[in-house]
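Colleague:
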Amino acid sequence: MFRLIFRILALFALAVAVVMAVIDATRSIAASALIITPLGESWYSVSPDTLNLSQALIQRYTFPVIWDPAIIYILTLPGWLVFAVLALLFHAIGYRRKRHAFS
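Numbering (our numbering), first residue to last: 53 to 155.
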């Protein structure tokens, strides 16, 4: 059951990564230069309220030190890269190894 959930999460994260990569690719072609959109900028353009809410929740209810070095670093990475890594992690967790029969 949990493997199925992680496989679905991996598929969703991969789809988001592909969409974000295509958006960056079309912007790069239109500008004739390499355009890489950070995750924080993409998140802010889609829903600035949830970005501000997540910052407030993390700083208030967890360790405030987590926001500045860790989350800020993740938000500066390209969005497609973050979701591609998440897809790989979810896939690795939900992967079912085939058992080999030894003769």
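Here a beta-carbon is modelled for each residue, glycine too, at the ideal position from N, C-alpha and C. Computed from a prediction, not measured in an experiment: that's the story for all the values here.
Give me the Cα-Cα distance between R112 and T78, rounded to the nearest whole angstrom.
Modeller: Each residue's alpha carbon lies about 38 Å from the other.
Colleague: Since F58 is in the alpha helix (DSSP H), which residue starts that stretch and which ends it?
Modeller: Per DSSP, F58 belongs to the alpha helix (DSSP H) from 54-83.
Colleague: Taking D76 as the reference, which of I145, F142, L133 has the closest Cα?
Modeller: That would be L133, whose Cα lies nearest to the Cα of D76.
Colleague: Could you tell me the boundaries of the alpha helix (DSSP H) in which A108 lies?
Modeller: Looking at the DSSP string, the run of the alpha helix (DSSP H) that includes A108 is 100-113.
Colleague: Just how far apart, CA to CA, sit F154 and P130?
Modeller: Each residue's Cα considered, the two are about 45 Å apart.
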